Amino acid sequence: MKITIGHLYPDLLNLYGDRGNIACMMQRCIWRGIAADTIEFNTGDEIDFSKLDIVLLGGGSDREQAIVCRNLLEIQEQFKEYVENNGVVIAVCGGYQLLGKYYKTDAGMIEGLSLVDIYTEQEEGRLIDNIVLKSDLVDMPVVGFENHGGRTYLNGNQPFGKVLYGSGNDGKSGYEGVVYKNVIGTYLHGPLLPKNPQVCDYLIQKALERKYGPVQLGPLDDRQENAANEYIYRRFVKE
Numbered sequence: 017m018k019i020t021i022g023h024l025y026p027d028l029l030n031l032y033g034d035r036g037n038i039a040c041m042m043q044r045c046i047w048r049g050i051a052a053d054t055i056e057f058n059t060g061d062e063i064d065f066s067k068l069d070i071v072l073l074g075g076g077s078d079r080e081q082a083i084v085c086r087n088l089l090e091i092q093e094q095f096k097e098y099v100e101n102n103g104v105v106i107a108v109c110g111g112y113q114l115l116g117k118y119y120k121t122d123a124g125m126i127e128g129l130s131l132v133d134i135y136t137e138q139e140e141g142r143l144i145d146n147i148v149l150k151s152d153l154v155d156m157p158v159v160g161f162e163n164h165g166g167r168t169y170l171n172g173n174q175p176f177g178k179v180l181y182g183s184g185n186d187g188k189s190g191y192e193g194v195v196y197k198n199v200i201g202t203y204l205h206g207p208l209l210p211k212n213p214q215v216c217d218y219l220i221q222k223a224l225e226r227k228y229g230p231v232q233l234g235p236l237d238d239r240q241e242n243a244a245n246e247y248i249y250r251r252f253v254k255e
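Start counting the sequence shown at 17; every next residue gets the next number (my numbering).
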């Protein structure tokens, strides 16, 4: 088995160490004997979604998001087709905001890709802290760090998780992120996947099942990853 990961615009959207998410997915595949490649698509590169099994859209400043969105809007139909055909996407922070209809900022409106029926508006103050979620996608807590001025509204879509500690999408709803088909959008970075091995395996498994049918991932020795996850959970929730 083999998966191909598309890293979109790392030249502009790598503000929060998003390459760490790529490294985590690659390594967990390699440990299981699954071949894995990563293709980086920078500004101006042609993107063929039919050759990709997982797409990572990372975080960047408002200016960089606007540049990226102008590029992505040219291939919005192909990206939408990939999503509707159960293509796997992990979108972090700025990438998460780009999934929606728009991101309204003090400097103006950034048109989104409308891949998911959500929208984001900049509001006063930034939501900055460690964050812990309870997600229906995995058994263990999901932990990370958030730092965003935008407030994202889900319009009834499924959240990635319920906030146990932190602010989440808007600091009011008690929810964080979004799940749509095989798309996860989230404000959690730092990066996300090394501290949340079950989330990483969820993405890998969905990609393999889309390509090959039912797949059972073998277990890995996750003692270090679980210890990091448990430390954050105990530090901010259980204590």
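Cβ atoms here follow ideal geometry from the backbone N, Cα and C, with glycine treated the same way. Predicted model, so just to flag it, every value in this text is computed and none were measured.
Straight-line spacing of the CA atoms in Gly-33 and Gly-76 works out to 10 angstroms.
Taking all protein chains shown into account, Ile-70 has 16 or more neighbouring C-beta atoms within 10 Å of its C-beta and is therefore buried. No Cβ-Cβ contact shorter than 8 angstroms links Thr-54 with Leu-28. Counting only runs of 3 or more residues that sit fully inside the segment 109–148, the beta strand (DSSP E) segments are 118–121 and 124–127, in chain order. Residue burial is scored here from C-beta neighbours: Asp-186 has at least 16 other C-beta atoms within 10 angstroms and is therefore classed as buried. In this structure, Gly-166 places its C-beta atom within 8 angstroms of the C-beta atom of Thr-136. With a minimum length of 3 residues, the unbroken runs of beta strand (DSSP E) contained wholly in the segment 35–107 fall at 51–57 and 70–73. Buried is the label assigned to Ile-200, since at least 16 other Cβ atoms lie within 10 Å of its Cβ. Counting along the chain, the unbroken alpha helix (DSSP H) around Tyr-249 starts and ends at 239–249. In this structure, the beta-carbon distance from Asn-102 to Ile-134 does not fall below 8 angstroms. If you look at Tyr-181, you'll find it in the beta strand (DSSP E) that goes 177–181. When Leu-180, Asp-237 and Gln-232 are compared, the shortest CA-CA separation from Pro-213 is found for Asp-237. For Lys-211, the three-state secondary structure derived from DSSP is helix.
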